[in-house]
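Per our numbering, the sequence shown runs over residues 1 to 198.
Reviewing the structure listed below.
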Amino acid sequence: MNAALDNFLKTHAEDFVFHRRRRLLEIEKIINPLLTEVKKIDAKFDFEMISPNSFYIIKSPSQYEMLLIFQGIDPGEISIEDGQTPPGFSLARLTGKKMVSSWKFCSGNSNHSKVYMSAKIVKEKLFELVKRVVNSAPFRGFQGGKFCIRINESRDDDTISLMVSGHGVEPYSLDLIPAIPCPGRWVFFCARVGNQAR
1 MNAALDNFLK THAEDFVFHR RRRLLEIEKI INPLLTEVKK IDAKFDFEMI SPNSFYIIKS
61 PSQYEMLLIF QGIDPGEISI EDGQTPPGFS LARLTGKKMV SSWKFCSGNS NHSKVYMSAK
121 IVKEKLFELV KRVVNSAPFR GFQGGKFCIR INESRDDDTI SLMVSGHGVE PYSLDLIPAI
181 PCPGRWVFFC ARVGNQAR
């Protein structure tokens, strides 16, 4: 009986690992070309490519959440402030002149002495770029009909939600969360940057 149970558990664990690895490779093939096209439209939205080492959460077999880590943001030109934010959130104050000039358009209701990035505005700008790429003929052609990608426009949080389906692909949702690099901190706490006027 124990041998049968061990064999059952081993088989199901191997199936789970295989399925997860296959799904993550699939996500790489979808998201990396999308991120490349987004950067071509607006070079400020330059993210690390998705890899097996990327930070992700499997919320369910049909729902994944993945951090998109900005590459073009210099951690030395931002200051992370935790003081007046809910747990899991931080304020990202732009301190360097280069950062302020590049990202002021995403600063929301900041004042002149303190300029904060707004998660809402960053998400809105990225949402428009992703939507433009997903709906473009070249991107649809690149996918070669293997995947159908739709944007879930009804989401109102700080994520960009994609619905993925296709021939031989179980439908699933993929939530993308723009994140800034925060050396010395657990990256997820800096994922949803914001300001008081979110």
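Ideal Cβ placement from N, Cα and C applies to all residues, glycine included.
- The criterion of a C-beta distance shorter than 8 Å is satisfied by I151 and L162.
- In the DSSP assignment, R132 falls within the alpha helix (DSSP H) that extends over A119 to V134.
- At least 8 Å separates the beta-carbon of E37 from that of V164.
- Per DSSP, S62 is not a residue of any alpha helix (DSSP H), being assigned neither H nor E.
- Ranked by how close their Cα comes to the Cα of S173, the residues P181, A13 and C148 have C148 in first place.
- When DSSP reads this structure, F139 sits in no beta bridge, so it has no partner.
- With a 10 Å radius around the Cβ and a threshold of 16 neighbouring Cβ atoms, R93 comes out buried.
- Ranked by how close their Cα comes to the Cα of I31, the residues S54, K104 and N2 have S54 in first place.
- When secondary structure is reduced to three states using DSSP, I160 falls in the strand class.
- G96 and E128 have their C-alpha atoms spaced approximately 27 Å apart.
- Distance from the CA of L24 to the CA of N135, rounded to the nearest whole angstrom, comes to 23 Å.
- Of I58, P33 and D42, the smallest CA-CA separation from I50 is found for P33.
- The secondary-structure analysis by DSSP pairs I31 with nothing; it has no beta-bridge partner.
- Non-local C-beta neighbours of I57 in its own chain, meaning closer than 6 Å and more than five positions away in sequence, comprise E65, ordered along the chain.
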